[in-house]
Amino acid sequence: MSTGYACHALSITLGKEAARRGAKAFVECSSAAIYKFDDKPRKETDKLKPLQKLAKWKVTTEEELAKIDGLNLVVLRFPYVYGEYDTGLLTSVICVGRTYKEIGRPLTFLYAKERPLNTVWVVDAARALWTAATWRASKGPLPPNQDPQPFPTTFNIVDHNNTLKGDFADALERNFGIKCEFLGSLMSQFAKMNQEQILDEMNEETLEVWSELLLAKGITTSGPISPFLEKEVLKDADTTVDGSLFEQTTGFTYLKEKLDPDWLSSVIKSYEQMNWWP
Numbered sequence: 006m007s008t009g010y011a012c013h014a015l016s017i018t019l020g021k022e023a024a025r026r027g028a029k030a031f032v033e034c035s036s037a038a039i040y041k042f043d044d045k046p047r048k049e050t051d052k053l054k055p056l057q058k059l060a061k062w063k064v065t066t067e068e069e070l071a072k073i074d075g076l077n078l079v080v081l082r083f084p085y086v087y088g089e090y091d092t093g094l095l096t097s098v099i100c101v102g103r104t105y106k107e108i109g110r111p112l113t114f115l116y117a118k119e120r121p122l123n124t125v126w127v128v129d130a131a132r133a134l135w136t137a138a139t140w141r142a143s144k145g146p147l148p149p150n151q152d153p154q155p156f157p158t159t160f161n162i163v164d165h166n167n168t169l170k171g172d173f174a175d176a177l178e179r180n181f182g183i184k185c186e187f188l189g190s191l192m193s194q195f196a197k198m199n200q201e202q203i204l205d206e207m208n209e210e211t212l213e214v215w216s217e218l219l220l221a222k223g224i225t226t227s228g229p230i231s232p233f234l235e236k237e238v239l240k241d242a243d244t245t246v247d248g249s250l251f252e253q254t255t256g257f258t259y260l261k262e263k264l265d266p267d268w269l270s271s272v273i274k275s276y277e278q279m280n281w282w283p
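If you're matching positions, the sequence shown starts at 6 in my numbering and goes up one per residue.
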């Protein structure tokens, strides 16, 4: 069973039960990686074109939840979440950076450092969920068959940093003393022709190094983080979204509108506190 299908099945089951119980609000965590890419930040009503399997399942989930009678739904589309104790995709790349410090080679990224990588701090992500729930509960049920709807129920969530892939690479270089390189568009297309083999070899090497680092640190129980990367990460799924609608509609403000210069070191410290980090 794929992760995307499992998440979809769980959301639909919970949504039906929430509707049956008359829950005042049901908040669905979706993805900002579902839009057709454009240099201009995407708004909630823009065309969708999900490339990754998980993103495709997120679109299906949104559509099916919207059909559940009596469900007071609100959907939040998140970009890349970062921060203390987070265990998402960015965490895997951080772990890769740690292994490349040990390996002593440059870490190569596809495409250019100017490509967008929209972000939100994990605490702000949690705050947005609570804000969405309380706001949606205050609105009551949507009138049936009314078009347009009297209020929006789908929102992009994103900080004001306009984060780029280069910003993330810079943080890896500062914290691990490694060099990060970008292939550019043309070379990236060539690399994608052998992407599965390249990623398999990379995973094999980094997982072996990671295991050795954990052993050397005396960490015998593997935590929820590792340098393993799914093949999905190689798909061209840049995220650049406009999050102004959520702020204007609910009055939400971000505690961290910008990336702190030392954001990565605080993340690593949180992993060390959990005995996850070698």
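For each residue, glycine too, the CB sits at the ideal point set by N, CA and C.
Sort out for me which residues DSSP pairs residue i with in a bridge.
i      : result
Val113 : The displayed chain sequence assigns Thr, not Val, to residue 113. DSSP, once it has assigned bridges, lists Glu186 as partnering Thr113.
Thr159 : Val80
Trp126 : Tyr87
Val32  : Val79
Arg47  : Val246
Pro121 : Leu169
Leu53  : Tyr40
Quick one, which of the options has its alpha-carbon nearest residue i's?
i      : options                           : result
Phe233 : Met207, Leu70, Thr158 and Tyr10   : Met207
Ala133 : Pro155, Leu147, Val86 and Ala23   : Val86
Gly256 : Arg141, Leu218, Thr50 and Leu269  : Arg141
Ser275 : Tyr90, Gly20 and Leu56            : Tyr90
Ala138 : Gln57, Ser36, Ala24 and Ala28     : Ala28
Lys263 : Asp152, Ile99, Gln278 and Asn166  : Asn166
Thr254 : Ile108, Ser143, Trp282 and Thr226 : Ser143
Asp164 : Leu218, Thr258, Val98 and Gly93   : Thr258
Lys21  : Ile273, Val98 and Ile73           : Ile73
Leu269 : Arg110, Asp172 and Cys185         : Asp172
Gly228 : Glu235, Glu209, Ala131 and Gly93  : Gly93
Leu250 : Pro153, Gln278 and Thr159         : Thr159
Glu186 : Gly109, Lys118 and Leu56          : Lys118
If you check the beta carbons only, do residue i and residue j fall under 8 Å apart?
i      : j      : result
Asp247 : Asn161 : yes
Gly102 : Ile183 : yes
Thr136 : Ile230 : no
Lys261 : Asp175 : no
Pro155 : Val125 : no
Thr245 : Pro46  : yes
Ala30  : Gly75  : no
Val32  : Gly88  : no
Pro157 : Glu252 : no
Leu218 : Glu107 : yes
Lys222 : Pro283 : yes
Ile203 : Asn280 : no
Rounded C-beta distance between residue i and residue j? I'm assuming under 8 Å.
i      : j      : result
Phe114 : Asp243 : That belief does not hold up - the Cβ atoms of Phe114 and Asp243 are roughly 12 Å apart, past 8 Å.
Arg120 : Lys54  : Not really, about 16 Å apart at Cβ, beyond 8 Å.
Leu81  : Cys34  : 6 Å
Leu188 : Tyr116 : 7 Å
Trp62  : Tyr10  : 6 Å
Leu112 : Thr168 : The Cβ separation is near 18 Å, so there is no contact.
Leu59  : Glu201 : Not a contact, Cβ separation roughly 18 Å.
Ile99  : Val272 : 7 Å
At least 3 beta-carbon pairs within less than 8 Å: the segment 9-19 vs the segment 62-74: yes
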